[in-house]
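Undergrad: Structure in structure tokens, see below.
Residue numbers (our numbering), protein chains in the order written: chain A, 1 to 315; chain B, 1 to 315; chain C, 1 to 315.
Below, the structure is given as structure tokens:
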């Protein structure tokens, strides 16, 4: 039994991509596959794309679907051996064991605290759930990874850039709030598994965790990074060095059409939601560079490929 | 592609009414029509009847259904060109474009602010969503209109009052809170399209927006208005002149059985929820005048007619 | 038409147990039974097991399912004749009558206030809903009863203890918060209907309502109660005598493996969620005594038996 947790999860990445391409052509071709099987989605945090696309993906495969906002349930304890005297009403061990008695696949979204780096980077919620789960678990964005997003990123690059060695850039951009590193971490991890070296550009002090930088390089000058780029993937993240803080809001890092016009007709990608004219300027968002809505649509087809593979026992 | 936004939305109103009557007789006769198609309902506000009846309507047509409480998602920006530095995480342009990649029909409920008349009467949320939507949008009650309610109102009047020119009265009634004008506006708009002139009765200062009064007349004395009435439609609304305020709570305007008994056996209608003994007295609510539960049931059949017509491309 | 409200609800308890056993062997054997029929679940309080198992049960029978968190809807008034001037927007009479126009089965969860014993023990919410409902109502845990839990308790005991007169113990255990008596009340009521006498053990002052004690006996010494026990059912409840208060948190009452080892290989049961090392120690939770996850799974099969019987008109 394979969980869908990280870039390492798929046994055969290329096959999974091909499954997504095949399902995209005819999304309802396997509507009997999931008959009588239940997918439960547990949301500890806000969601739009993930909530809609993952449920739709499961429904397209004929599954029963229940989505739960976890604020409407009991608070979970994740530590073992604790005397549960305070605000946590249920241990993850019970929650996982019980949900697995009803569900065939369980999907979880749980963002980082952004206050405790060590706990966040242990990816406590999903790892503890997987530890006790007897059914496949799908990561809907954990504290440090967002593999469903990254799989959609990969499919979109395969569709949009028809060349053997595209130049792929991951650019930091400013944001008024402290955001997780999950999307960026996962993007790098998946690109590495797919054989792509990414040029990562960000201000000094915004270095990502070395674990995810394997095979990739940093270029501190955004303009140099963008030169000859085929893909510009944009994402804000808060710094590891000043954990949970907003250290830099420099408008100079915002993505504009002028910057994209100096690339090799680069495709602009962002996971959404995006703050217009802070992260990416209107003129870039609405330019012919944008692959943003096509990327969002691919969330459906890639989620469906993941669920399909799990149901077939082929993930 | 037609949105279902106002009384002007249906191409052929009479045909839509006939569809509702036909579906009411056998609600599950088209369970294959929506197979593999997704209806997404977005609720920015509380709902009971609309949430249940619209979902049930879509399910009866075999659709996949996802209902989202938007407080569990990202706050939306509606202005163009804004630097999104503050509390709004996502622009409606992205939200609409993305949801349309997953859904075949999108339905939205968004009440007015009741603090800014101009913005409310621009019906900002749904109009901006429709502007960017590539799929049909259904109005689940916007700032100034509630067409699914009005369509159910019309069907109920057709069923209950078998005469060519019924006297239809819309009566204001007191309420402790400031309420929208949406139900009343829409009722008048739909009655006008259906060829009915409505006698509107309310205290001085509670005049509705002239846009919705076309073809209708005001009678400031409730007793005169009720004389010979075949239908008494009751609704509180807050005044346009003192926007968002409660200007009048006079019990004299409450609907009682005694008042209804002086009509022409009038059918009592209200969209619900209703505050008993404030808006309508118990003796009227529980009298033989009441068509209120039958009206509520018609929310299902009329919503189903709307969704059916959209799926058939015949709205 | 039978509601599923208490141990008195099933016409034939043994037949209902047999239905659950039969459905458990092949949960999807009646997927056409509920076609086109809607089950609505109304949650006034948090839920995990009940929400998942009851929805899954209805889906396994092919029903349409809508689960509503009632904080996203209108607040209900339960008193008759009230002038609804304050915080309640809708009377339960309208809510019940209207929901019944859309739904074929309605299920409700509503916990006690724990501030007003008389109102709680009148089981106001569900009793008022049932009074006005024209469709079968299922109790998802009311102020004083949790019959779906108790039916699962009974099935689990039937499965786990193969002897004619097992010794069944209900043991109070400490908890940091004031909890309802609903699970304990219902357990006693169902055991009585099933012909079992229960030994109830708890500190002085924690006596349960006499209505539920019929046929059962109190043993104030936990150790004596556990001697020769075949089943130890554990549950905290707050005292009736100091209503809504936490009168005793003595660790001496916590369930440990050592205590269970002195029984007759007793099966350990708890409805969950459970606070580890407060209510039950880790060593007991994780021991071979535990039937807790099997009990949780039986929530699905027993809920499905209830819904199946309602759909067949055989409850």
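Ideal placement from N, C-alpha and C gives every residue a C-beta, glycine not left out.
Treat the numbers as computed from the prediction; the structure is a model and nothing was measured.
Would you list the residues sitting across from residue 105 of chain B in a DSSP beta bridge?
TA: Here the question's residue 105 of chain B lines up with position 105 in the second chain. B/39, per the DSSP bridge assignment.
Undergrad: Buried or exposed: which applies to residue 220 of chain A, given that a residue is buried once 16 or more other Cβ atoms fall within 10 Å of its Cβ?
TA: To locate residue 220 of chain A, count along the first chain from 1; it is residue 220. Residue 220 of chain A comes out exposed.
Undergrad: Using 8 Å as the threshold, is the C-beta distance between residue 56 of chain A and residue 38 of chain B below it?
TA: Locating residue 56 of chain A in the first chain gives position 56, where the first residue counts as 1. Locating residue 38 of chain B in the second chain gives position 38, where the first residue counts as 1. It is a contact, given that the beta carbons lie within the stated cut-off.
Undergrad: What does DSSP give as the partner residue(s) for residue 172 of chain B in the beta ladder?
TA: In the second chain, residue 172 of chain B corresponds to position 172, counting from 1. Answer by DSSP bridge pairing, in chain order: B/235.
Undergrad: Please go through the same chain and pick out, in chain order, the residues whose beta-carbon is closer than 8 Å to the beta-carbon of residue 281 of chain A, but skip the five residues on each side of it.
TA: As a first step, residue 281 of chain A must be located in the first chain, where it is residue number 281. Excluding residues within five positions, the ones whose Cβ falls inside 8 Å are 254, 255, 256, 257.
Undergrad: If you run the structure through DSSP and keep just helix, strand and coil, what is residue 144 of chain B?
TA: Counting from one through the second chain, the residue named residue 144 of chain B turns up at place 144. In the structure shown, residue 144 of chain B sits in coil (DSSP, three-state: anything other than H, G, I, E or B).
Undergrad: According to DSSP, residue 255 of chain A sits in a beta bridge with which residue or residues?
TA: Taking the first residue of the first chain as 1, we reach residue 255 of chain A at position 255. DSSP output for residue 255 of chain A lists A/280 as bridge partner(s).
Undergrad: Are residue 60 of chain B and residue 31 of chain B close, meaning C-beta to C-beta below 8 Å?
TA: On the second chain, position 60 is the one that residue 60 of chain B refers to. On the second chain, position 31 is the one that residue 31 of chain B refers to. Cβ distance < 8 Å, so residue 60 of chain B and residue 31 of chain B count as in contact.
Undergrad: I need the straight-line Cα distance from residue 91 of chain A to residue 98 of chain A, nearest angstrom please.
TA: Here residue 91 of chain A refers to the residue found at position 91 of the first chain. Here residue 98 of chain A refers to the residue found at position 98 of the first chain. If I take the Cα positions, the gap works out to 11 Å.
Undergrad: Under a CB-based cut-off of 8 Å, is residue 53 of chain C close to chain A?
TA: Indexing the third chain from 1 puts residue 53 of chain C at position 53. Closer than 8 Å to some Cβ of chain A, the Cβ of residue 53 of chain C qualifies, so yes.
Undergrad: For the alpha helix (DSSP H) holding residue 64 of chain B, just list the boundary residues, first then last.
TA: Here residue 64 of chain B is taken as the residue at index 64 of the second chain, counted from 1. Counting along the chain, residue 64 of chain B falls outside any alpha helix (DSSP H), though it belongs to the beta strand (DSSP E) covering 64-69.
Undergrad: What residues in the segment 86-99 of chain C have a beta carbon less than 7 Å from any beta carbon of chain A?
TA: From the segment 86-99 of chain C, no residue has a Cβ closer than 7 Å to chain A.
Undergrad: Can the beta-carbon of residue 297 of chain C be found less than 8 Å from the beta-carbon of residue 263 of chain C?
TA: Translated into the one-based positions of the third chain, residue 297 of chain C becomes position 297. Translated into the one-based positions of the third chain, residue 263 of chain C becomes position 263. No.
Undergrad: Can you tell me which residues form a DSSP beta bridge with residue 139 of chain A?
TA: Here residue 139 of chain A is taken as the residue at index 139 of the first chain, counted from 1. DSSP, once it has assigned bridges, lists A/108 as partnering residue 139 of chain A.
Undergrad: Please report the Cβ distance between residue 206 of chain B and residue 126 of chain B, rounded to the nearest whole angstrom; I am assuming they are in contact, meaning their Cβ atoms lie under 8 Å.
TA: Here residue 206 of chain B is taken as the residue at index 206 of the second chain, counted from 1. Here residue 126 of chain B is taken as the residue at index 126 of the second chain, counted from 1. 25 Å between Cβ atoms; not a contact.
Undergrad: With distances taken Cα to Cα, identify the nearest neighbour of residue 9 of chain C among C/88, C/286, C/194, C/170.
TA: Numbered from 1 along the third chain, position 9 holds the residue referred to as residue 9 of chain C. It is C/194 whose Cα lies nearest to the Cα of residue 9 of chain C.
Undergrad: For the ligand PLP, is there any heavy atom lying closer than 7 Å to the beta carbon of residue 49 of chain B?
TA: You won't find the ligand PLP in this model; it holds no ligand whatsoever.
Undergrad: Does the CB of residue 114 of chain C have a neighbour CB from chain B at under 8 Å?
TA: If you number the third chain from 1, residue 114 of chain C lands on position 114. It does not; no Cβ of chain B falls within 8 Å.
Undergrad: With a cut-off of 8 Å, does the C-beta of residue 132 of chain A fall near any C-beta of chain C?
TA: Start at 1 with the first residue of the first chain, and residue 132 of chain A comes out as number 132. Not closer than 8 Å to any Cβ of chain C, the Cβ of residue 132 of chain A fails to qualify, so no.
Undergrad: CB-CB under 8 Å to residue 204 of chain C, same chain, minus the five flanking residues each way: which ones, in chain order?
TA: Locating residue 204 of chain C in the third chain gives position 204, counting from the first residue. Excluding sequence neighbours, residue 204 of chain C sits near 220.
Undergrad: Comparing C-alpha positions only, which one of B/151, B/93, B/312, B/137 sits nearest to residue 302 of chain B?
TA: The count along the second chain starts at 1 and reaches residue 302 of chain B at position 302. Ranking B/151, B/93, B/312, B/137 by Cα distance to residue 302 of chain B puts B/151 first.
Undergrad: Any beta carbon from chain A within less than 8 Å of residue 47 of chain C's own beta carbon?
TA: Counting from 1 along the third chain, the entry for residue 47 of chain C is found at position 47. Closer than 8 Å: yes.
Undergrad: Considering Cα atoms alone, identify which of B/138, B/144, B/96 is closest to residue 119 of chain B.
TA: Position 119 of the second chain holds residue 119 of chain B. Measuring from the Cα of residue 119 of chain B, the nearest candidate turns out to be B/144.
Undergrad: So if I threshold CB-CB distances at 8 Å, which residues from the segment 162-191 of chain C count as touching chain A?
TA: Those would be 176, in chain order.
Undergrad: Can a CB atom of chain B be found closer than 8 Å to the CB of residue 308 of chain A?
TA: Residue numbering aside, residue 308 of chain A sits at position 308 when the first chain is read from its first letter. Answer no: the Cβ-Cβ gap between residue 308 of chain A and chain B never drops below 8 Å.
Undergrad: By the 7 Å beta-carbon criterion, what residues does the segment 270-291 of chain A contribute toward chain B?
TA: Per Cβ criterion, the list reads 272, 273, 274, 275, 276, 277, 278, 282.
Undergrad: Hey, how far is the Cα of residue 109 of chain B from the Cα of residue 42 of chain B?
TA: Residue 109 of chain B sits at position 109 when you count from the first residue of the second chain. Residue 42 of chain B sits at position 42 when you count from the first residue of the second chain. So the alpha carbons of these two residues sit roughly 6 Å apart.
Undergrad: Does residue 236 of chain A come within less than 8 Å of chain B when only Cβ atoms are used?
TA: The count along the first chain starts at 1 and reaches residue 236 of chain A at position 236. Not one chain B Cβ lies under 8 Å of residue 236 of chain A.
Undergrad: Going by beta-carbon coordinates alone, are residue 306 of chain B and residue 236 of chain B separated by less than 8 Å?
TA: Within the second chain, numbered from 1, the residue matching residue 306 of chain B stands at position 306. Within the second chain, numbered from 1, the residue matching residue 236 of chain B stands at position 236. Not closer than 8 Å, so no.
Undergrad: Count the other C-beta atoms from every protein chain shown that fall within 10 angstroms of the C-beta of residue 139 of chain A, then say buried if there are 16 or more, exposed otherwise.
TA: In the first chain, residue 139 of chain A corresponds to position 139, counting from 1. Answer is buried; the Cβ neighbour count reaches 16.
Undergrad: Does DSSP put residue 269 of chain A in a helix, a strand or coil?
TA: The count along the first chain starts at 1 and reaches residue 269 of chain A at position 269. Three-state result, residue 269 of chain A: strand.
Undergrad: Tell me whether the beta-carbon of residue 226 of chain B lies closer than 8 Å to the beta-carbon of residue 169 of chain B.
TA: If you number the second chain from 1, residue 226 of chain B lands on position 226. If you number the second chain from 1, residue 169 of chain B lands on position 169. Yes, these two residues count as a Cβ contact at 8 Å.
Undergrad: Would a C-beta distance cut-off of 8 Å place residue 142 of chain B and residue 299 of chain B closer than the cut-off?
TA: Taking the first residue of the second chain as position 1, residue 142 of chain B is located at position 142. Taking the first residue of the second chain as position 1, residue 299 of chain B is located at position 299. Result no, Cβ atoms of residue 142 of chain B and residue 299 of chain B do not sit closer than 8 Å.
Undergrad: Can you list, in chain order, the residues of its chain with a C-beta nearer than 6 Å to that of residue 58 of chain B? Leave out the 5 residues immediately preceding and following it.
TA: Here residue 58 of chain B refers to the residue found at position 58 when the second chain is read from its first residue. 39, 65, 307.
Undergrad: What are the residues of the segment 20-43 of chain A that lie near chain C, defined by any Cβ-Cβ distance shorter than 7 Å?
TA: Within the segment 20-43 of chain A, the residues whose Cβ lies closer than 7 Å to some Cβ of chain C are 36, 38, 40, listed in chain order.
Undergrad: From what residue to what residue does the beta strand (DSSP E) around residue 198 of chain C run?
TA: For this step, residue 198 of chain C is matched to residue 198 along the third chain. Residue 198 of chain C -> beta strand (DSSP E) spans 198-201.
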